[in-house]
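Colleague: Take a look at the following structure, please.
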Amino acid sequence: MQRPDDGGAAQKALGGELAKLNANISMLHLKLDHADLAVAAAAAAISNCASWPKAHARHAEALSASGQHLAAAQALNMAAFRAEQQGASSSAESWSARAEVEVQRAEAASAVVHEREMQAAAAEFDDFFARALQLSVL
Numbered sequence: 394m395q396r397p398d399d400g401g402a403a404q405k406a407l408g409g410e411l412a413k414l415n416a417n418i419s420m421l422h423l424k425l426d427h428a429d430l431a432v433a434a435a436a437a438a439i440s441n442c443a444s445w446p447k448a449h450a451r452h453a454e455a456l457s458a459s460g461q462h463l464a465a466a467q468a469l470n471m472a473a474f475r476a477e478q479q480g481a482s483s484s485a486e487s488w489s490a491r492a493e494v495e496v497q498r499a500e501a502a503s504a505v506v507h508e509r510e511m512q513a514a515a516a517e518f519d520d521f522f523a524r525a526l527q528l529s530v531l
């Protein structure tokens, strides 16, 4: 039996419904503190319907929860881009603002890592210096 050619509308509609399902699964994983599973489900939502801004926003939420703030900012910028394409400028502005917050979080996390590295290096030097004093090398 041959199906009528609907120009792919049925396939597109199915992709949209699967995207909604995967976006909701992602949110459930986030609520259960399963960030990695949330990232995977949100990525599936994007693959189901890449033009849907909320799929990108959900991906950003999951990436942020997993500590991947720069990637979250990129996902939010893509959500803003897709929303702008669809004429939803208020959503686009909101997601762009959230992207800036994610960039700030990434910078703060980087500063914390740098501070920890500096503290570890200082502790290593102090330990080395204490051993050298014990050996009367200095």
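Those letters in the sequence shown? Residues 394 to 531, by the working numbering. Heads up, the beta-carbon is just placed ideally off N, CA and C, and yes, glycines get one too.
Looking at C-beta atoms only, is the number of pairs between the stretch 510-518 and the stretch 471-481 that lie closer than 8 angstroms three or more?
Modeller: At 8 angstroms Cβ cutoff, the stretches do not touch.
Colleague: Would you kindly work out how many angstroms separate the C-alpha atoms of residue 401 and residue 408, rounded to a whole number?
Modeller: Spanning the two alpha carbons is a distance of roughly 11 angstroms.
Colleague: On the three-state DSSP scale, how would you describe residue 408?
Modeller: Helix at residue 408.
Colleague: Could you check what DSSP says for residue 427 in three-state terms: helix, strand or coil?
Modeller: If DSSP states are grouped into helix, strand and coil, residue 427 belongs with coil.
Colleague: With a Cβ-Cβ cutoff of 8 angstroms, do residue 431 and residue 465 count as a contact?
Modeller: Result no, Cβ atoms of residue 431 and residue 465 do not sit closer than 8 angstroms.
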